[in-house]
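Novice:
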Amino acid sequence: MTSSIKSDLFLTNKLSFARNERSFSSMKRAVSNNLVAASAVKSGSKPLHVERALRVRKIDEIERGERRGKFGIYGGKFVPETLISCLGKLEADFNFVLHDAEFQAELAIALRDYVGRETPLYFAERLTNYYKNENGEGPDIYLKREDLNHCGAHKMNNAIAQAMIAKRMDRQRVVAATGAGQHGVATAAACAKLSLDCTIFMGSEDMEKQASNVFLIKLLGAQVTKVEGSFKDASSEAIRQWVNDLEVSYYLTGTVVGPHPCPSMVREFQSIIGRETRRQAMERWGGRPDVVVACIGSGSNALGIFHEFVGDEGVRLVGVEAAGFGLDSGRHAATLATGHVGVYHGAMSYLLQDQEGQVLGAHSVGVGLQYPGVGPELSFLKDTGRAEFHTVTDEEALNAYQLLSRLEGIIPAMEAAHALAYLEKLCPTLPDSTKVVVNCSGRGDKDAPLFFQHRPALDA
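Numbering-wise (my numbering), the sequence shown opens with residue 899 and increments by one.
Spelled out as structure tokens, the structure:
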């Protein structure tokens, strides 16, 4: 979908009420043919709310093979007209570099020599033994060690590739938004390497929780701009800044949300995780993983490892969302478990929202999971049933953070700890010797102060 629509992300004084009305009409035409019953776009900063009729019909449409967005009914470009040409140019450059031998060779060298790929597929022997039953049976647990990447997370895979695209497009300034700070650090590092000016927008709430990453971003030469609120607010402000300076700036998105081609770009550059996992699994035990597990905030690390195996029906894809204080508490980030279809940050996907379409705040002890939406491709995988999605609470994630640290000497990011926490429920259901791969998406040094806030007795 390429229709423009007023969104809270892209609101500016230049968008008149008349343009808003034209945009809404254009959107309705684009999603017609028994696809959408859309409610009115509210004035102010409320996002588009798609009525329940859409959710009732979408499964049938997917089964019939109808595709209205980039991924089934999901994705698209719900943006102001001023951004359409810019996104079109970005898509053209992205498609070019995908098939450009020189760019790919340069990227391969950067991934090897700068990022530190490939990352190990590590057999977690003590964790495996911990989950064996009384008969000594249980799955074999492996960790895909993205925490060993330069700057400590999977984020660098995408950051270096997109920074190279920004350089190719002759952009002088990169803007980005970060929550837990890992994307901010990776982007700042990539920009330092490629001599690009860099501004990182970060929510005030996240800056307090992730102070060490704020220091690292500044150390790498980037400017940190505080935005009142959390990651969703920082994302909105980063793109507003980009919109005001399209000819000079490049918006380097770190996750699989936003208007097309942003979700596809991030997924493509992160899919090296899954490709390596397939090859390493073949070397280790001569086959594919039986189960692949990843945490889900908005979806970059999950799609990074899932994408390679989507066509392998024998491989279970398990996504784990943040239940926070519990799904009934209203303080969680479980978009796929409890959300509804809507448009936010330029694309259609599942979204935490109330009955009037107002975006709800998200909560998780894993700061990087605090986003009210999720990528359109994950929304598609949910509706088709190709991937399954579960939740764990803050308390369960904290337990998993401590458990992996003490059993394996590996400190996972609090985000990755959510995926590890689900092993407690998953492992008892699996046959002996089932091969389970968990994406350890980042390291958890940044989360140690947060952990001891919740477990002060351990700090005695």
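For glycine and all other residues, C-beta sits at the position ideal for the given N, C-alpha and C.
#1: Assign ALA1355 to one of two classes, buried (16 or more other C-beta atoms within 10 Å of its C-beta) or exposed (fewer than that).
#2: Could you round the C-beta distance between VAL1122 and LYS1116 to whole angstroms and report it? I think they count as a contact, below 8 angstroms.
#3: When DSSP builds the beta bridges, which residues end up paired with SER1147?
#4: Per DSSP, THR1236 is paired with what?
#5: Do LEU1118 and VAL1335 have their C-beta atoms within less than 9 angstroms of each other?
#6: Would you check if the stretch 1053 to 1063 and the stretch 1132 to 1144 touch, i.e. whether three or more CB-CB distances between them fall below 8 angstroms?
#7: Do the stretch 1187 to 1200 and the stretch 1322 to 1341 make contact, defined as three or more Cβ pairs closer than 8 angstroms?
#8: Among the residues of its own chain, which have a CB less than 8 angstroms from the CB of GLY1224, if the five just before and after it don't count?
#9: For VAL1241 versus PHE1021, is the C-beta distance shorter than 9 angstroms?
#10: Near ASN1337, which residues of its chain fall below 6 angstroms by C-beta distance, leaving aside the five closest residues on each side in sequence?
#11: For my contact list, ALA1245 and GLY1077 are in at a C-beta cut-off of 8 angstroms; report their separation, rounded to the angstrom.
#12: Can you tell me whether TYR1028 is helix, strand or coil according to DSSP?
#13: Give me the Cα-Cα distance between TYR1012 and CYS1049, rounded to the nearest whole angstrom.
#14: Quick check: VAL1141 and PRO978, are their CB atoms within less than 9 angstroms of each other?
#15: Could you tell me whether the stretch 1298 to 1317 touches the stretch 1260 to 1269, using the rule of 3 or more Cβ pairs below 8 angstroms?
#16: Determine the DSSP secondary structure at LYS975, reduced to helix, strand or coil.
#17: I want to check one thing, is the minimum distance from the CB of GLY1340 to the heavy atoms of the ligand MN below 8 angstroms?
#18: Write down the C-beta distance between GLY1082 and ASN1047 rounded to the nearest angstrom, noting that I regard them as a contact closer than 8 angstroms.
#19: Relative to the C-alpha of GLY1259, which candidate in THR1236, ASN1111, GLY1156 has its C-alpha closest?
#20: Hey, quick one: how far does the alpha helix (DSSP H) through CYS1089 stretch, first residue to last?
#21: In the DSSP output, which residue or residues are listed as bridge partners for LYS1378?
#22: Since GLY1202 is in the alpha helix (DSSP H), which residue starts that stretch and which ends it?
#23: Taking all protein chains shown into account, do 16 or more other C-beta atoms lie within 10 angstroms of the C-beta of GLY1212, making it buried, or fewer, making it exposed?
#24: If you drop the 5 nearest sequence neighbours on each side, which residues of the same chain put their C-beta closer than 6 angstroms to that of ALA1057?
#25: Excluding the 5 residues preceding and the 5 following SER930 in the sequence, name in chain order all residues of the same chain whose CB lies nearer than 6 angstroms to its CB.
#26: Pull up the distance between the alpha-carbon of GLU1254 and that of LEU1318, whole angstroms please.
#27: With 16 as the cutoff for other CB atoms within 10 Å, does SER1093 come out buried or exposed?
#28: With DSSP collapsed to three states, give me the class of THR1097.
#29: Skipping 5 residues on each side, what residues in its chain have a beta carbon closer than 7 angstroms to that of GLY1340?
#30: Run through the DSSP bridge pairs and tell me what TYR1269 is partnered with.
#31: Beta-carbon separation of LEU1150 and ALA1074 under 9 angstroms?
#32: Using a Cβ-Cβ cutoff of less than 6 angstroms, which residues in the same chain neighbour GLY1195 once the five nearest sequence positions on both sides are dropped?
#33: Per DSSP, which one or two residues make a beta bridge with GLU1286?
#34: Excluding sequence positions up to five away, which residues of its chain have a Cβ less than 6 angstroms from the Cβ of ALA1008?
#35: Considering only their Cβ atoms, is the gap separating THR1153 from GLY1273 smaller than 9 angstroms?
#36: Got a sec? Which residues, its chain only, sit under 8 angstroms from ARG1173 by beta carbon, not counting five neighbours each side?
Specialist: In short, the structure shows the following:
#1: Against the sequence shown, residue 1355 aligns to sequence position 457. So ALA1355 ends up on the exposed side.
#2: For this step, residue 1122 is matched to residue 224 along the sequence shown. For this step, residue 1116 is matched to residue 218 along the sequence shown. So it is a contact: roughly 6 angstroms between Cβ atoms.
#3: Residue numbering aside, residue 1147 sits at position 249 when the sequence shown is read from its first letter. Residue pairing by DSSP puts SER1147 in a beta bridge opposite ARG1071.
#4: Locating residue 1236 in the sequence shown gives position 338, counting from the first residue. DSSP output for THR1236 lists no bridge partner at all.
#5: Here residue 1118 refers to the residue found at position 220 when the sequence shown is read from its first residue. Here residue 1335 refers to the residue found at position 437 when the sequence shown is read from its first residue. LEU1118 is not a Cβ neighbour of VAL1335, given a cutoff of 9 angstroms.
#6: no
#7: yes
#8: For the purposes of this step, residue 1224 is identified with residue 326 of the sequence shown, where counting begins at 1. Counting only Cβ-Cβ distances below 8 angstroms, and skipping sequence neighbours, we find HIS1230, THR1291.
#9: Locating residue 1241 in the sequence shown gives position 343, counting from the first residue. Locating residue 1021 in the sequence shown gives position 123, counting from the first residue. No; because the gap between Cβ atoms is not below 9 angstroms, this pair is not in contact.
#10: Translated into the one-based positions of the sequence shown, residue 1337 becomes position 439. Counting only Cβ-Cβ distances below 6 angstroms, and skipping sequence neighbours, we find LYS1042, ALA1192, ASN1199, ILE1203.
#11: In the sequence shown, the residue the question calls residue 1245 occupies position 347. In the sequence shown, the residue the question calls residue 1077 occupies position 179. At roughly 18 angstroms, the Cβ-Cβ gap does not stay under 8 angstroms, so ALA1245 and GLY1077 are not in contact.
#12: The residue given as residue 1028 occupies position 130 in the sequence shown. If DSSP states are grouped into helix, strand and coil, TYR1028 belongs with the helices.
#13: Within the sequence shown, residue 1012 is the residue found at index 114, counting from 1. Within the sequence shown, residue 1049 is the residue found at index 151, counting from 1. Roughly 10 angstroms between the two C-alpha positions.
#14: Mapped onto the sequence shown, residue 1141 falls at position 243. Mapped onto the sequence shown, residue 978 falls at position 80. Yes.
#15: yes
#16: The residue given as residue 975 occupies position 77 in the sequence shown. The three-state secondary structure of LYS975, taken from DSSP, is coil.
#17: Absent from the structure shown: the ligand MN. Ligands present: none.
#18: In the sequence shown, counting from the first residue as 1, residue 1082 sits at position 184. In the sequence shown, counting from the first residue as 1, residue 1047 sits at position 149. 15 angstroms between Cβ atoms; not a contact.
#19: Position 361 of the sequence shown, counted from the start, is the residue given in the question as residue 1259. That would be THR1236, whose Cα lies nearest to the Cα of GLY1259.
#20: Stepping through the sequence shown from its first residue, residue 1089 is reached at position 191. Segment 1080 to 1092, the alpha helix (DSSP H) holding CYS1089.
#21: In the structure as shown, the chain starts at 899 and stops at 1358, and residue 1378 therefore has no counterpart that could be examined.
#22: Your numbering for residue 1202 matches position 304 in the sequence shown. Unbroken alpha helix (DSSP H) run through GLY1202: 1198 to 1204.
#23: Within the sequence shown, the letter at position 314 stands for residue 1212. Exposed: under 16 other Cβ atoms inside 10 Å.
#24: For the purposes of this step, residue 1057 is taken as residue 159 along the sequence shown, with counting starting at 1. Setting aside the 5 residues that flank it on each side, ALA1057 is surrounded in the same chain by ALA1084, THR1085, ALA1088, each with a C-beta closer than 6 angstroms to its C-beta; the list follows chain order.
#25: Residue mapping note: residue 930 aligns to position 32 of the sequence shown, counting from 1. The pLDDT assigned to SER930 is 35, lower than 50, so where the model puts this residue is not dependable, and the model offers no usable value.
#26: The residue given as residue 1254 occupies position 356 in the sequence shown. The residue given as residue 1318 occupies position 420 in the sequence shown. Distance between the alpha carbons of GLU1254 and LEU1318 is about 35 angstroms.
#27: Stepping through the sequence shown from its first residue, residue 1093 is reached at position 195. The C-beta of SER1093 has fewer than 16 other C-beta atoms within 10 Å across all chains shown, which makes the residue exposed.
#28: Sequence index remark: in the sequence shown, residue 1097 carries index 199 (1-based). The answer is strand: DSSP assigns THR1097 an E or B state.
#29: For the purposes of this step, residue 1340 is taken as the residue at position 442 of the sequence shown. Closer than 7 angstroms at the Cβ level, and outside the excluded window around GLY1340, lie GLU1044, ASP1045, GLY1050, ALA1051, HIS1052, GLN1080, ALA1311, GLU1313, ALA1314.
#30: Your numbering for residue 1269 matches position 371 in the sequence shown. Bridge partners of TYR1269: none, in fact.
#31: As a working mapping, residue 1150 is identified with position 252 in the sequence shown. As a working mapping, residue 1074 is identified with position 176 in the sequence shown. Taking 9 angstroms as the Cβ cut-off, LEU1150 and ALA1074 qualify as a contacting pair.
#32: As a first step, residue 1195 is located in the sequence shown; it is residue number 297 there, counting from the start. Hits under 6 angstroms: GLY1266, LEU1267, TYR1269.
#33: The count along the sequence shown starts at 1 and reaches residue 1286 at position 388. Note: GLU1286 sits in a beta bridge opposite VAL1216.
#34: Position 110 of the sequence shown, counted from the start, is the residue given in the question as residue 1008. Excluding sequence neighbours, ALA1008 sits near ILE1058.
#35: As a working note, residue 1273 is residue 375 in the sequence shown. As a working note, residue 1153 is residue 255 in the sequence shown. Against a cut-off of 9 angstroms, the Cβ pair of THR1153 and GLY1273 comes out as a contact.
#36: Your numbering for residue 1173 matches position 275 in the sequence shown. Closer than 8 angstroms at the Cβ level, and outside the excluded window around ARG1173, lie GLU1206.
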